[in-house]
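Visitor: Here it is, the structure in full.
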Amino acid sequence: MSEHNAAHPNFQDHTVLIVDDTPANLETLYSYFESLGFEIMMAQNGPSALKRVEYVKPDIILLDVIMPGMDGFETCRRLKANDATKNIPVIFMTALTDTIHKVKGFQAGAADYITKPFQIEEVLARIQTHLALRDLQTQLETQNARLQAEIRERQTTAAALQQANDELELRVGKRTAELAQANISLEAEILERRQAEAESLKLATELAQRVQNRTNELAALYEVTALAGESLALETILIRALKSVLAAAHGKQGTIHLVEETVALAAQVGFVGGDAARQFGDKPAAWIIAHNEPLAQIDMATSDGRPGLSNWYMGVPIRAGGRVLGALSICLASADNASGDPDRISLLVAIADHIGVVVESIQLRRKAEQAATLEERSRLARELHDSVTQLMYSINLFAKAGKDAYRLDNPTQGEKYLTRLEDTARQALKELRLLLFELRPPELEQEGLVGALQLRLDAVEGRSGVKTQLLVNSAEIALPDDYEKALYAIAQEALNNALKHANATAVTIQLAINPATIDLVVTDDGLGFDPNNTSHRGGLGLITMRERADTLGGTLQVCSMPEQGTSIQLTMTTPEPLKERAL
210 MSEHNAAHPN
220 FQDHTVLIVD
230 DTPANLETLY
240 SYFESLGFEI
250 MMAQNGPSAL
260 KRVEYVKPDI
270 ILLDVIMPGM
280 DGFETCRRLK
290 ANDATKNIPV
300 IFMTALTDTI
310 HKVKGFQAGA
320 ADYITKPFQI
330 EEVLARIQTH
340 LALRDLQTQL
350 ETQNARLQAE
360 IRERQTTAAA
370 LQQANDELEL
380 RVGKRTAELA
390 QANISLEAEI
400 LERRQAEAES
410 LKLATELAQR
420 VQNRTNELAA
430 LYEVTALAGE
440 SLALETILIR
450 ALKSVLAAAH
460 GKQGTIHLVE
470 ETVALAAQVG
480 FVGGDAARQF
490 GDKPAAWIIA
500 HNEPLAQIDM
510 ATSDGRPGLS
520 NWYMGVPIRA
530 GGRVLGALSI
540 CLASADNASG
550 DPDRISLLVA
560 IADHIGVVVE
570 SIQLRRKAEQ
580 AATLEERSRL
590 ARELHDSVTQ
600 LMYSINLFAK
610 AGKDAYRLDN
620 PTQGEKYLTR
630 LEDTARQALK
640 ELRLLLFELR
650 PPELEQEGLV
660 GALQLRLDAV
670 EGRSGVKTQL
680 LVNSAEIALP
690 DDYEKALYAI
700 AQEALNNALK
710 HANATAVTIQ
720 LAINPATIDL
730 VVTDDGLGFD
740 PNNTSHRGGL
750 GLITMRERAD
760 TLGGTLQVCS
770 MPEQGTSIQL
780 TMTTPEPLKE
790 RAL
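Convert by adding 209 to the 1-based position in the sequence shown; the result is the number in the numbering used here.
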């Protein structure tokens, strides 16, 4: 405990809010962090925590996820919705380890995620990391403001000197004829003034450069953070992040290695011929990943032994969630002051941590997409079992019953069974075609969302006689692929429910894309049902539609009453690029 206090004397300057409904956890965390010098606030539920932060703003919040009443996710969302508390880092503490809950936590605004039972040292390390990031941000903002003030002061001084110089030259001009001898001393004074002016200008230029450097560093941190919200390929995101790092750190070459099955090169910038593997090698990155610490080294050589292209190498680990995900490496154009530049190392560490969050976010998104694919396969399997398989079983029973009727010389009863067999076979063929269409919607790729929906409705109307109508606000709509697939799948599921379960005779699909929202409404005149009772046929389809809507941050509402038809209403936010084009 004394070692922690000696290494971190400024803990007493930070306040930690601990929110947990378990007294034992509160007591453990309180005792440990109080012994390190932290100011401690405690709350046993979400409302109590929200009330406490109204009076005292903590520097960081440890928040339990599972609590009675308001859970941790809702508490975090309310903290992030408040301008006074939205910038306070929130670290979740929970026994929930599955990806879905982690993604939900980060979507709520969490900065980090700790799994119970936790190691108290890990909790401290996480807190130190996020406090350091917040302190660095505050320090950079303070330094920027101070340097701007210094520039203004220097500019004022330079203006005053220029004015004095102008006045002096005027006096010299007027008295030249009378004071020829004095002119020599006056010219010397003018020279001195000009030298002072040049020195002032030099200082102002240096200060401006320092401000620009700090601005570049803040811009790099902002840009890397913003990349987490963009739907781009991982390599594209890493290259953009790497370019921002090189601009802020004045580097000329850089690489990002990620840990997959082995340490692999994921992005490179600035290498001749694009061959970072030959010119740079993987050994420095492998060392950083293995030791989980920064590395600075002079006179880097290439992997084949030839002299290197840079004079100084710097590398830091890329981390997220307590794991080392890779390494960020840069080569500086000059080794001047590199070995003694902790600010540059701190900048690289901060940016690498942001890159780690981006990489982890993309990895989690990929896992979510894989899970969605598996869920889609399971849904189709359920549809096949619940519809076609059951109908085929009925066909078998009717065939056997008809055969028995003819064997017993009862042709009238046999004809009835054959008629029912024919109707059931027709229904099975209809539902099988619906499933096959779900498995292969090439029209979406060829015709776009509007064209695919129209073709689907035309096929339904031609095959089943149901009257269909498609209403859109524009024929020229370009949405991201994931949005088009989700909208098409939800419309298709709603249409299938109307045909298979509601006995509808008319179906209308309305699609409106506005600068702020996307609205999809599927209405039928079928039997209707009680939306609060999902035990009816098609209940699983409603669950699937809601899951698809949730994936893109949308909301799905079902308006229906028995014998009065059904309306499925989807609303989601328009993607940012489309908003910009609309504006």
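Positions of the beta carbon are idealized from the N, C-alpha and C atoms, including for glycine.
Here the structure is a predicted model, which is why all the values come from computation and not from measurement.
Leaving out five residues on either side along the sequence, give the residues of the same chain with a beta carbon under 6 Å from the beta carbon of residue 221.
Guide: Excluding sequence neighbours, residue 221 sits near 246.
Visitor: Nearest-angstrom Cα distance between residue 460 and residue 678?
Guide: Cα to Cα, the separation comes out at about 60 Å.
Visitor: For the segment 258-326, which segments carrying the alpha helix (DSSP H) assignment without a break, of at least 4 residues, lie completely within its bounds, in sequence order?
Guide: Taking only runs of at least 4 residues, the alpha helix (DSSP H) segments lying wholly in the segment 258-326 are 281-290, 308-317.
Visitor: Pairs of beta-carbons, one from the segment 700-720 and one from the segment 731-738, closer than 8 Å: are there three or more?
Guide: Segments in contact, yes.
Visitor: Who does residue 503 pair with in a DSSP beta bridge?
Guide: DSSP lists no partner for residue 503.
Visitor: What separation, rounded to the nearest whole angstrom, lies between the Cα atoms of residue 280 and residue 703?
Guide: Rounded to whole angstroms, residue 280 to residue 703 spans 33 Å at the Cα level.
Visitor: Look at the alpha carbon of residue 690 and the alpha carbon of residue 315, and state the distance between them as a whole number of angstroms.
Guide: Those two C-alpha atoms are separated by around 24 Å.
Visitor: Here's the rule I'm using: 16 or more other beta-carbon atoms within 10 Å means buried, otherwise exposed. How should residue 355 be labelled?
Guide: So residue 355 counts as exposed.
Visitor: Short of 6 Å in beta carbon distance, which residues of its chain neighbour residue 765, apart from the five on each side in sequence? Order them along the chain.
Guide: Once the five neighbours on either side are set aside, the close Cβ partners of residue 765 are 754, 755, 758, 779.
Visitor: I'd like the span of the beta strand (DSSP E) that includes residue 366, first residue to last.
Guide: Taken as a continuous stretch (DSSP letters only), residue 366 belongs to no beta strand (DSSP E), being part of the alpha helix (DSSP H) at 329-384.
Visitor: Report yes or no: do three or more beta-carbon pairs, one from the segment 259-271 and one from the segment 296-304, lie closer than 8 Å?
Guide: Touching, per the Cβ criterion.
Visitor: Using the three-state DSSP reduction, which class does residue 656 fall into: helix, strand or coil?
Guide: Here residue 656 sits in helix by DSSP.
Visitor: Identify whether residue 666 lies in helix, strand or coil by the three-state DSSP scheme.
Guide: In the structure shown, residue 666 sits in a helix (DSSP, three-state: H, G or I).
Visitor: Alpha carbon to alpha carbon, what distance is there between residue 669 and residue 705?
Guide: So the alpha carbons of these two residues sit roughly 10 Å apart.
Visitor: Within 10 angstroms of the Cβ of residue 329, are there 16 or more other Cβ atoms? Answer buried if so, exposed if not.
Guide: Result: exposed.
Visitor: Given residue 258, which residues of its chain have a CB within under 7 Å of its CB, disregarding the five upstream and five downstream residues?
Guide: Excluding residues within five positions, the ones whose Cβ falls inside 7 Å are 226, 228, 252, 284.
Visitor: Quick check for students: name the residue ranges of the beta strand (DSSP E) that lie wholly in the segment 716-773, counting only runs of 3 or more.
Guide: As far as the segment 716-773 is concerned, its whole beta strand (DSSP E) runs of at least 3 residues are 726-733, 764-769.
Visitor: With 16 as the cutoff for other CB atoms within 10 Å, does residue 500 come out buried or exposed?
Guide: Looking at its Cβ environment, which holds fewer than 16 other Cβ atoms inside 10 Å, residue 500 is exposed.
Visitor: On the criterion of 16 or more Cβ atoms from any shown chain inside 10 Å, does residue 777 qualify as buried, or is it exposed?
Guide: With 16 or more Cβ atoms within 10 Å of its Cβ, residue 777 is classed as buried.
Visitor: For my contact list, residue 561 and residue 541 are in at a C-beta cut-off of 8 Å; report their separation, rounded to the angstrom.
Guide: 16 Å between Cβ atoms; not a contact.
Visitor: Please classify residue 246: does DSSP put it in a helix, a strand, or coil?
Guide: Coil, per DSSP.
Visitor: Can you give the beta carbon distance from residue 701 to residue 665, rounded, assuming they're within the 8 Å contact cut?
Guide: That pair is a contact at about 7 Å.
Visitor: Mind checking which residues open and close the beta strand (DSSP E) that includes residue 467?
Guide: Element bounds for residue 467: 460-468.
Visitor: For residue 451, which residues from the same chain have a beta carbon less than 7 Å from its beta carbon, with the 5 sequence-adjacent residues on both sides left out?
Guide: Result list for residue 451: 463, 465, 476, 478, in chain order.
Visitor: Would residue 658 pass as a contact of residue 699 if the rule is Cβ separation under 9 Å?
Guide: No. Outside cutoff.
Visitor: For the candidate residues 234, 614, 604, 497, whose alpha-carbon lies nearest to that of residue 326?
Guide: Residue 234 is the option with its Cα nearest to residue 326.
Visitor: Is it buried or exposed, residue 492, if we count other Cβ atoms within 10 angstroms and call 16 or more buried?
Guide: By the neighbour-count rule (16 or more Cβ atoms within 10 Å), residue 492 is not buried but exposed.
Visitor: Report, in whole angstroms, the separation of the C-beta atoms of residue 409 and residue 367, which I expect to be a contact under 8 Å.
Guide: Residue 409 to residue 367, Cβ: 5 Å. Contact.
Visitor: Using the C-alpha atoms, what's the distance from residue 697 back to residue 431?
Guide: Cα to Cα, the separation comes out at about 35 Å.
Visitor: Where does residue 474 sit, in a helix, a strand or coil, going by DSSP?
Guide: Three-state DSSP puts residue 474 in a strand.
Visitor: Suppose the cutoff is 8 Å on Cβ atoms and the five residues either side in sequence are ignored; what does the same chain contact list for residue 783 look like?
Guide: Contacts found: 722, 723, 724, 725, 726, 727, 791.
Visitor: Do residue 254 and residue 276 come within 9 Å of each other at the CB atom, strictly closer than that value?
Guide: Going by C-beta atoms, residue 276 is nearer than 9 Å to residue 254.
Visitor: Tell me, please, which residues DSSP counts as bridged to residue 778.
Guide: In the DSSP output, where bridge partners are listed per residue, residue 778 has 730, 766.
Visitor: What's the call for residue 812, buried or exposed, on a 16-neighbour Cβ count within 10 Å?
Guide: The requested residue 812 is not part of the displayed model; the chain covers only 210 to 792.
Visitor: Tell me, please, which residues DSSP counts as bridged to residue 225.
Guide: According to DSSP, which records beta bridges pairwise, residue 225 is partnered with 249, 269.
Visitor: Quick check: residue 529 and residue 569, are their CB atoms within less than 9 Å of each other?
Guide: Contact flag set, yes.
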